[in-house]
Amino acid sequence: MQWIKHIIKLLFLLVISCQLLYAAPFIPKTDQQILETLPSDSPPARYLSSDDFLSSQNTNNPKQTSQLLERAYLQGDPRALGQAKAQLDHLTDQSVETLMLRARALQSDHKFSEAKEMLKQILTKDTANPDALLTLSSLLVVQGQFEEAIDYCNKLVDPELRVYELACQAQIQSMTGQLEQAKQTLSGLAAIAPGLDTSTARWIYLMQADAALRSQDTPLANEVFSVMDAQTVPALMARADWLLSKGEYQKVHQLLKDHTDKDALLLRLIAAQIKLRDPKSEQNLALMQERTEVWQIRKENAHRREQATYAMLANQIDSALQLARNNWQQQRETADIEIYTRAAIQAGSQKDIEVIRQFIKDTQFEYPALERDLRLGKISDCLNCPISGLQTSSKDKPL
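Residue numbering for the sequence shown follows the numbering used here, starting at 89 and increasing by one per position.
And the structure:
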C-alpha cells in the first residue's frame, strides 16, 4: 500500500507542476490595482501616460538626470542610476554640462578610465571647470594616483573656490602621510560647513570620519557624527565603520537593521550579526549570496569590494583574496586597503602582504591599527579594540 501512496503523491505533484508550467501570467484587472509599493522618497514618476513617454524622447532634462545620479549615490539606488543612464542615452549634444553628467554616470558605474577621459575632454573645452577638476582629482585619489590628483587640486585658483581647493588638498594629504595636517584643515572647513551646500558639507564630514577612523580619534568621531546626517548611505557606512572598529556591534545592528536593501549596509550588518551570534546572519548571508550571483551573471565589475567583503564574511578566503586583489587594481580607498589586508593576512599570502606594505611605504598612508595587523600577521576582531582580540591567519576561521 505504501507504494500506491507514493505514486499518488507523485501524480499530485505532477498535476500541480503542469498547472504552474502552463499557468497564465498575472494580469491586473484594472490600471488602479497596486502591484508593488516603492519607497516613500522615490522620485516622481517619469511618465504618467504613453504620450508623456513619447514626448520625453525629445526632451533633455539635465537637472533631473543630475538628481538621479545624486540619488544613486546617496541612497545606493541602482534604479536611479539606470534611469539616469537611460536619459543620457537620448542626449546627443557634446556640451560641457552633458559631458559632465556622462562622466558622473561612468564614475558611478566604476568605469573610471572612461570617466577620466570624459573629464579630460571637458578640460580641453574649459580648462578651469571646477566640477571637472574636483571630480578628476577625486577619481585619481580613489585609484591611489595622488601626485596627479594634487595637480588638479592646485588648478582651482579662483579665490571663490578656496574652500574646494583646501578640501581637495586635504583629501590627498590624509592619504599621503599628512593625516594630522589634513585633520586641522578639515576642522577649519567643518566650522564653516553649515553655510556651505549640503554636498560639500557632507564631503568634508566624510573625510573627517575617515581620518577619525584611521587615527582612532574618538572626540573627532563624536563631533562629526553629531552634525552629519544619519540617512544617506555614505553617512551610514561611515557611522557603521566607526562602530565596528570599536566593537560596538549592537549599535551597528540598531543602526542598520532596516537597511538590508543596500548592499554596503547589509554587509556591515552581517559583520555585526556574526559577532553577536545572531541567527539572522545566515539568512542575510544567503541574501547577499544571491546578489553576488546576479553581479557575476551580469559580469558587473562595480561591486568587487562588496564581493570580497561577502566572501570574507562567508569564510571563502581564497575567493575573497582574489576579489580583493582584482579590486585593488581599480580602487585604493581606506575600505579597499582594509579588505585587501584582511584577505591577505587570513590567506597567509606574503606576496599580497608585501604589495600592501609597499603601497604604505610609497604613499606614507597612515592607519596604525592596520599596520599593526600587517606587522603581527594577525587580524584584529575589531581594529580599534584591545590587542587581545587578534586572530591568527587561518582559512578555517570566520572573520
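All residues carry an ideal CB built from backbone N, CA and C; glycine is no exception.
In this structure, the CA atom of residue 452 is about 7 Å from the CA atom of residue 263.
A distance of 8 Å or more separates the beta carbons of residue 309 and residue 293. Boundaries of the alpha helix (DSSP H) harbouring residue 368: 368–386, taken from the DSSP string. Residues 258, 261, 262 and 299 of the same chain have their beta carbon placed closer than 7 Å to that of residue 270, with the five preceding and five following residues left out of the count. With distances taken between CA atoms, residue 330 lies nearest to 305 out of 253, 305, 347 and 319.
In the DSSP assignment, residue 314 is bridged to no other residue.
Going by beta carbons, residue 418 and residue 200 fall inside the 8 Å limit.
Per DSSP, the unbroken alpha helix (DSSP H) holding residue 151 starts and ends at 150–163.
Shortest Cα-Cα distance from residue 253 to any of 288, 233 and 358 involves 288. Within the same chain, 332, 337, 340 and 341 come within 7 Å of residue 360 by CB-CB distance, once the 5 residues on both sides are set aside. Membership of residue 183 in any alpha helix (DSSP H) is not indicated, and neither H nor E is assigned to it by DSSP. Taking 4 residues as the minimum length, the alpha helix (DSSP H) runs contained wholly in the segment 232–289 are 234–241, 250–261 and 267–280, in order along the chain.
In the displayed model, residue 345 falls within coil according to three-state DSSP, outside both helix and strand. Check the Cα spacing between residue 243 and each of 225, 282, 232 and 322: the tightest is with 225. Annotation: the continuous alpha helix (DSSP H) that includes residue 351 extends over 351–363. Residue nearest to residue 283 within the set 296, 315 and 307 is 315 (criterion: CA-CA distance). Straight through space, the alpha carbons of residue 168 and residue 160 are spaced by roughly 5 Å. Leaving aside the five residues that flank residue 383 on each side, the residues in its chain whose CB is nearer than 6 Å to its CB run, in chain order, 391.
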